[in-house]
Ligand code: ITT
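Numbering (the working numbering), first residue to last: 281 to 474.
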């Protein structure tokens, strides 16, 4: 069995490929890139939309060969009214880069005089194998700070300090993030279906 990752986020793809000990491909390695509309109102709903969009493009032969796996994820800051949540990828606007989104969250903390406040990452994974759909979730709790520290990871990692640590994910090794992360928790559960 091989896995197709229904994502075009290079940070996620790298972490998911590292997690599995089997042939794992970004969908762009199997088919042309296309835009997937993510208009559900939950992480789970958007993960399902992405997995179904890729699964619908597979031939019957490919469906026997491949499992489709998608990831919808984001960060939530309760003291800011639960932003950006499911809008994490577009927090700074429709065409925002992850740098823009990180800068916007840092600025919003500063505007609210919050230099450190609780936050958590959520990851919903959807798996489709032989047209059967399953979903799982994982979370990572900690705090966000009003500055960027370190360059490891991706997205909001340089401003996120996991619970029990003093450094941001941007300052930590990939292996420590792999042990703690929302993505690892959700993928560990998804392994049962796979
Ligand atoms: P795909 O839909 O193609 O998978 P995307 O980047 O649009 O890529 P999402 O809609 O799930 O993915 O948005 C997730 C955003 O949340 C992502 O852009 C990151 O900024 C952030 N995010 C999710 N997991 C993260 C992690 O482990 N570390 C840092 N930021 C993360």
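Note that CB positions come from ideal geometry on N, CA and C, so glycine has one too.
According to DSSP, simplified to helix, strand and coil, what is residue i?
{"i": "residue 400", "result": "strand"}
{"i": "residue 453", "result": "coil"}
{"i": "residue 431", "result": "coil"}
{"i": "residue 291", "result": "helix"}
{"i": "residue 365", "result": "helix"}
{"i": "residue 300", "result": "coil"}
{"i": "residue 394", "result": "coil"}
{"i": "residue 320", "result": "coil"}
{"i": "residue 389", "result": "helix"}
{"i": "residue 334", "result": "helix"}
{"i": "residue 409", "result": "strand"}
{"i": "residue 470", "result": "helix"}
Closer than 6 Å by C-beta to residue i: which residues in its own chain qualify, once you throw out the five before and the five after it? Chain order, please.
{"i": "residue 384", "result": "371 and 372"}
{"i": "residue 449", "result": "433, 437, 440 and 457"}
{"i": "residue 451", "result": "429 and 430"}
{"i": "residue 227", "result": "Absent from the structure is residue 227, since the part of the chain shown begins at 281 and ends at 474."}
{"i": "residue 296", "result": "285"}
What do you reckon, are the CB atoms on residue i and residue j nearer than 9 Å?
{"i": "residue 306", "j": "residue 284", "result": "yes"}
{"i": "residue 408", "j": "residue 416", "result": "no"}
{"i": "residue 311", "j": "residue 282", "result": "no"}
{"i": "residue 475", "j": "residue 356", "result": "The shown model of the chain, from 281 to 474, leaves out residue 475, and the question about it has no answer."}
{"i": "residue 418", "j": "residue 464", "result": "yes"}
{"i": "residue 324", "j": "residue 351", "result": "no"}
{"i": "residue 403", "j": "residue 353", "result": "yes"}
{"i": "residue 359", "j": "residue 397", "result": "yes"}
{"i": "residue 474", "j": "residue 382", "result": "no"}
{"i": "residue 322", "j": "residue 363", "result": "no"}
{"i": "residue 316", "j": "residue 293", "result": "no"}
Kindly identify the DSSP beta-bridge partner or partners of residue i.
{"i": "residue 329", "result": "DSSP output for residue 329 lists no bridge partner at all."}
{"i": "residue 426", "result": "The partner list for residue 426 (beta bridge, DSSP) is empty, contrary to what the question assumes."}
{"i": "residue 353", "result": "403"}
{"i": "residue 418", "result": "403"}
{"i": "residue 370", "result": "For residue 370, which the question treats as bridged, DSSP gives no partner whatsoever."}
{"i": "residue 305", "result": "284"}
{"i": "residue 463", "result": "In the DSSP output, where bridge partners are listed per residue, residue 463 has none listed."}
{"i": "residue 358", "result": "Its beta-bridge partners do not exist; DSSP assigns none."}
{"i": "residue 442", "result": "422"}
{"i": "residue 346", "result": "282"}
Which residues in the same chain as residue i place their Cβ atom closer than 7 Å to its Cβ, once the five residues preceding and following it in sequence are excluded?
{"i": "residue 300", "result": "283"}
{"i": "residue 326", "result": "318, 320, 352 and 366"}
{"i": "residue 462", "result": "353, 401, 402, 403, 418, 419 and 420"}
{"i": "residue 392", "result": "360"}
Just confirm the distance between the C-beta atoms of residue i and residue j, as a whole number of angstroms; I'd bet it's less than 8 Å.
{"i": "residue 411", "j": "residue 337", "result": "Not a contact, Cβ separation roughly 13 Å."}
{"i": "residue 231", "j": "residue 390", "result": "Here the chain comprises residues numbered 281 to 474, so residue 231 is not present and cannot be evaluated."}
Below 8 Å CB to CB, which residues in the same chain sit around residue i once its five sequence neighbours on both sides are set aside?
{"i": "residue 447", "result": "429, 430 and 441"}
{"i": "residue 413", "result": "328, 331, 332, 406 and 407"}
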